[in-house]
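Numbering of the sequence shown is given in the numbering used here, commencing with residue 3 and proceeding in unit increments.
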Amino acid sequence: MIKVFQKLTRLSGRGRFETTLWVLGFILAPVEILSWLAVAGFTRSFSGALQNGVSNRFEDPVYKKNLQRLIERNRQFEEERNERHS
């Protein structure tokens, strides 16, 4: 093991830099892969939650009631608008 470090100390500045980058890349590569997998997992679960939320919304009685009220209010507004322009 000591011989390995002796070889490193004999390297030039650029050689040490390249070796350091290679070692860091070797150590950080799994961390980077895990972080990308985590981001992909969060994105997938978030989009799945949105899809489930949208499909369940149409079965919600409060949503249906509010939607019907909105449709009725819009219908009344359109009728009054058509009466004024006629």
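Even glycine gets a Cβ: it sits at the ideal position worked out from N, Cα and C.
These numbers were taken from a predicted model, which means no experiment stands behind them.
Asked	Found
Which same chain residues, not among the five before or five after Leu23, have their C-beta less than 7 Å away from its C-beta?	none
With H, G and I counted as helix, E and B as strand and the rest as coil, what does DSSP make of Glu82?	helix
So, helix, strand or coil for Glu74, using DSSP?	helix
Is there at least one Cβ from chain C nearer than 9 Å to Pro32's Cβ?	Absent here is chain C; the protein component of the structure consists of one chain.
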